[in-house]
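Please read the structure below before turning to the comments.
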Amino acid sequence: MKKLMYFLLVSLSSFFIANNSFSASTEKTTMTLDGLTIIDHLIGTGATAKSGQQVSVHYTGWLYDANAKDHKGQKFDSSVDRNQPFQFILGAGQVIKGWDEGVAGMKVGGKRTLIIPSHLGYGSRGAGGVIPPNAKLMFDVELLEVN
């Protein structure tokens with residue numbers, strides 16, 4: 007009986023290890039005091055992005071849709087689709103506040119999702135006829151480089 011129990015235990019353990027069925031999630035979700043949600047999918051191993059530095063990112067942006075799969079509504083922009091990374095000075099106000107706040111602290115190689123409330127995005131003005139007024143936004147961001 008002990009041999010049978012041992013065999014079952016080893017077999018089940020091997021199955022779960024092979025299928026990663028009990029591995030812990032590596033995602034970490036943080037919500038800031040002003041309502042920005044940051045979901046880290048992959049923590050990078052390179053330099054950390056700090057205010058005043060030029061950063062290079064790949065991103066895809068969607069209108070947030072509470073009813074859509076993964077909350078990704080209409081896609082409105084993507085540096086990935088253009089195969090052209092986007093560069094900006096972090097903390098200099100060159101991008102929406104949700105980006106300055108959400109990219110700060112990322113490490114090169116990191117991937118995160120930013121869910122940006124309208125007051126940290128384009129607010130009541132919207133943007134370019136593509137982003138309506140008061141839109142909540144969602145971005146997948148990968149930090150490529152910090153200078």
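If you read the sequence shown in my numbering, its first letter stands for residue 7, the second for the next number, and so on. C-beta: ideal position from N, C-alpha, C; glycine also.
For residue i: DSSP bridge partner residues
i	result
Ile121	Thr43 and Met144
Lys113	Thr54
Ala133	Ile137
Lys103	DSSP lists no partner for Lys103.
Thr36	Ile44
Phe149	The sequence as given places Leu at residue 149; Phe does not occur at that position. According to DSSP, Leu149 bridges with Val63.
Residue i classed as buried or exposed, judged by whether at least 16 other C-beta atoms fall within 10 angstroms
i	result
Ser124	buried
Ala72	exposed
Ala98	exposed
Ser85	buried
Leu42	buried
Met144	buried
Glu148	buried
Lys142	buried
Gln37	Sequence check: residue 37 is Met here, not Gln. Flag for Met37 reads exposed.
Asp40	exposed
Gly134	exposed
Gly58	exposed
Asp146	buried
Cβ-Cβ separation, residue j to residue i (assumed contact under 8 Å), whole Å
i	j	result
Gln217	Val61	Past the boundaries of the shown model lies residue 217; the chain is included only from 7 to 153, so the question cannot be answered.
Ile121	Tyr70	6 Å
Ile95	Leu126	Their Cβ separation, rounded to whole angstroms, is 18 Å, which puts Ile95 and Leu126 out of contact at 8 Å.
Gly67	Asp83	5 Å
Gly111	Ala55	7 Å
Pro138	Gly129	Pro138 to Gly129, Cβ: 11 Å. No contact.
Do the stretch 42 to 49 and the stretch 115 to 123 meet, that is, are 3 or more Cβ pairs less than 8 Å apart?
yes
Report the start-end ranges of each alpha helix (DSSP H) in the stretch 50 to 96 that is 4 residues or longer and not cut off at the edges.
85 to 88
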